[in-house]
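> Taking the working numbering, I'd label the letters of the sequence shown as residues 9 to 372.
Cβ coordinates follow ideal geometry from the N, Cα and C atoms, glycine included.
Just so it is clear, the structure is predicted and the values come from calculations on it, not from any experiment.
Dropping a structure here in structure tokens format, bear with me for questions.
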Amino acid sequence: MELNLTSEQTLLRDSASKFITASGPKVARGYRGKDLSFAPERLREAGELGWLGILVPYSANGLDLGLTELALVLEQAGRGLVCEPIGLAAVSAAALAHGKAPHPMLDQAIAGTALVVPALQETAHGGDPLAPKTQAAERSGAPHLTGQKQFVCADGAAGFLVSAAGRDGAALYYVARSAPGCTLGATDTVDGRRLWTLNLADTPADLVPPPPSARNAVEALHDLALFALASELLGVMEKAQEIAFDYLRIRKQFGKLIGSFQALQHQAVNIYIKTEAVRSLVFQIAANNEPHRIDPALAIAAKAKASEDALAVTQACIQLHGGIGFTDEHDIGLYLKRAMLLSSLFGNAATQRRRYVATAELTA
């Protein structure tokens with residue numbers, strides 16, 4: 009798919025490409041098993057570049073850009089295996105920017121001096137974001153939350169955007185990490201980092217109002233998160249494809265370049281088609297949807313397609329490398345592991361397909 013970018017969008021993409029030169033497989037390996045899985049100074053650098061406020065209105069000190077700009081940045085982040093949670097931080101900042109006055113954490117979230125991330129998932133398979141089991145109740149005139157969230161990217165987080173059921177249905181709340189009754193338990197991931205289980209026991213919280221154009225604050229944040237993950241998965245696929253195709257051009261077997269073998273050419277074509285299909289879907293959604301009013305069915309479709317095809321592409325790229333592709337010393341395996349992590353967040357491909365059937369009101 010050929011993108012017709014404006015000069016500003018091209019500059020943004022190029023600056024993101026330069027940013028990832030300080031990332032990559034070697035850096036990603038260095039964070040495996042560490043207490044903090046990213047560099048706080050790099051998150052602040054992303055804030056200085058304006059990326060964490062990419063969807064935040066001018067009136068709240070953001071860039072007031074759109075989904076295409078967000079996708080361009082996150083596509084590059086996926087290519088560079090960037091460990092800083094730029095996408096989740098950016099969509100969280102966007103959620104904090106609305107209401108009669110922006111949330112007090114917004115300025116820090118935009119600057120990257122404080123990390124705020126979504127905490128919406130309650131089961132291993134995602135579930136319905138508009139039917140959370142976490143409960144909100146009024147205590148002394150302020151909301152208090154009780155429940156549990158799973159697979160939260162909580163490393164270094166100062167606060168969380170939590171979905172909870174209240175009197176008027178699902179609503180979004182800000183919970184500080186240091187709030188009473190807020191505890192975390194770690195789970196190791198396939199790429200050597202950690203996700204966290206967030207436990208809330210009568211924990212004080214702040215209500216986060218929805219953007220003016222959104223149907224519901226939880227739905228708006230959830231759809232943005234799905235889109236952000238799909239954009240990053242696209243970058244993972246693109247770089248894995250690039251590494252594999254370069255290998256086909258230089259590796260010889262039986263005195264011939266393996267890229268000349270027809271069976272491998274067919275595999276390469278399949279990889280290319282899957283990558284371009286995801287790219288087309290992501291940027292078509294970006295071009296035709298408002299940031300805070302993405303069609304839920306399209307957000308689900310993008311995450312389902314990206315989750316499934318990213319795993320297929322990265323696995324195929326490993327196979328094209330032969331035996332060395334299965335070793336930890338080769339970089340290609342890191343792209344499969346990152347694809348496995350991102351594809352599982354907020355529900356894998358099978359979960360998203362089930363949600364798509366329900367959302368689009370399809371029947372067999």
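Using three-state DSSP, classify residue 352 as helix, strand or coil.
Helix at residue 352.
> Starting from residue 278 and walking both ways along the alpha helix (DSSP H), at which residues does that stretch end?
Taken as a continuous stretch (DSSP letters only), the alpha helix (DSSP H) holding residue 278 covers 270 to 296.
> Using 10 angstroms around the beta-carbon of residue 296, count the other beta-carbons present and answer buried if the total reaches 16, otherwise exposed.
So residue 296 ends up on the exposed side.
> Please report the distance separating the alpha-carbon of residue 398 from that of residue 206.
Nothing in the structure corresponds to residue 398, since the chain is present only between 9 and 372.
> Could you please give me the residues that DSSP links to residue 4 through a beta bridge?
This structure gives no information on residue 4, because the portion of the chain shown stretches from 9 to 372.
> Determine, using beta-carbon pairs with one atom in the region 294 to 313 and one in the region 63 to 75, whether at least three such pairs fall under 8 Å.
A contact exists between the region 294 to 313 and the region 63 to 75.
> On a CA-only basis, which of 331, 345, 312 is nearest residue 365? Give me that one, please.
The residue with the shortest Cα to Cα distance from residue 365 is 312.
> Measuring CB to CB, does residue 213 end up less than 8 Å from residue 183?
Going by C-beta atoms, residue 213 is nearer than 8 Å to residue 183.
> DSSP on residue 50, reduced to helix/strand/coil?
If DSSP states are grouped into helix, strand and coil, residue 50 belongs with the helices.
> By the three-class DSSP mapping on this structure, what secondary structure does residue 11 have?
Coil.
> Using CA coordinates, which residue listed in 331, 346, 57, 118 is at the minimum distance from residue 69?
Of 331, 346, 57, 118, the residue nearest in Cα terms is 118.
> Counting beta carbon pairs with one atom in the region 349 to 363 and one in the region 312 to 326, are three or more of them shorter than 8 Å?
Verdict: yes, contact present.
> Using a Cβ-Cβ cutoff of less than 6 Å, which residues in the same chain neighbour residue 267 once the five nearest sequence positions on both sides are dropped?
If we look at residue 267 and ignore the five residues flanking it on each side, its Cβ neighbours are 256, 257.
> So, with DSSP's three-state summary, where would you put residue 360?
Reduced to three states, the DSSP call for residue 360 is helix.
> CB residue 131 to CB residue 143, shorter than 8 Å?
The answer is no: Cβ separation not under 8 Å.
> Could you name each continuous alpha helix (DSSP H) segment of 4 residues or more that falls completely within the region 110 to 189, going from the start of the chain to the end?
Counting whole runs of 4 or more residues, the region 110 to 189 contains the alpha helix (DSSP H) stretches 114 to 119.
> What residue range is occupied by the uninterrupted beta strand (DSSP E) comprising residue 216?
Taken as a continuous stretch (DSSP letters only), the beta strand (DSSP E) holding residue 216 covers 214 to 216.
> One question on the structure: do residue 96 and residue 294 come within less than 8 Å of each other, judged by their Cβ atoms?
It is not a contact, given that the beta carbons lie outside the stated cut-off.
> In angstroms with no decimal places, state the Cα-to-Cα distance between residue 343 and residue 50.
Roughly 21 Å between the two C-alpha positions.
> State the start and end residues of the unbroken alpha helix (DSSP H) segment that holds residue 255.
Segment 225 to 258, the alpha helix (DSSP H) holding residue 255.
> Can you list, in chain order, the residues of its chain with a C-beta nearer than 6 Å to that of residue 134? Leave out the 5 residues immediately preceding and following it.
354, 355, 359, listed in sequence order.
> From 47, 276, 237, 52, pick the residue whose C-alpha is nearest to that of residue 348; which is it?
The shortest Cα separation from residue 348 among 47, 276, 237, 52 belongs to 237.
> Below 8 Å on the Cβ atoms is my guess for residue 242 versus residue 286; work out the distance and round it to an integer in Å.
5 Å between Cβ atoms; contact.
> Which residue's Cα is closest to the Cα of residue 120: 93, 263, 274, 160?
The shortest Cα separation from residue 120 among 93, 263, 274, 160 belongs to 93.
> Give me, in chain order, the residues of the same chain whose beta-carbon lies closer than 6 Å to that of residue 83; leave out the 5 immediate sequence neighbours on both sides.
Once the five neighbours on either side are set aside, the close Cβ partners of residue 83 are 239, 242, 243.
> Can you give the Cα-Cα distance for residue 370 and residue 306, rounded to whole angstroms?
Cα-Cα distance, rounded: 14 Å.
> Using 8 Å for Cβ pairs, my map puts residue 45 next to residue 39. What's the rounded Cβ distance?
Correct: roughly 5 Å between the Cβ atoms.
> With DSSP collapsed to three states, give me the class of residue 339.
Of the three classes helix, strand and coil, the one that applies to residue 339 here is coil, per DSSP.
> CA-CA distance, residue 124 and residue 54?
Near 14 Å, if we compare the C-alpha coordinates of residue 54 and residue 124.
> How far does the alpha helix (DSSP H) with residue 71 in it extend, from its first residue to its last?
Unbroken run through residue 71: none, as it is neither H nor E.
> Decide if residue 218 is buried, meaning its Cβ has at least 16 other Cβ atoms within 10 Å, or exposed.
By the 10 Å Cβ count, residue 218 comes out buried.
> Give me whichever residues DSSP pairs with residue 261 in a beta bridge.
For residue 261, which the question treats as bridged, DSSP gives the partners 264.
> Where does residue 89 fall in DSSP's three states?
Note: residue 89 maps to coil in three-state DSSP.
> Expressed to the nearest angstrom, what Euclidean distance is found between the alpha-carbon atoms of residue 10 and residue 288?
Spanning the two alpha carbons is a distance of roughly 9 Å.
> Taking the straight line between their C-alpha atoms, what separation do you get for residue 332 and residue 264?
Whole-angstrom Cα-Cα distance: 18 Å.
> Going by beta carbon distance, what residues of the same chain come within less than 7 Å of residue 79, once the five residues before and after it are set aside?
239, 290, 291, 294.
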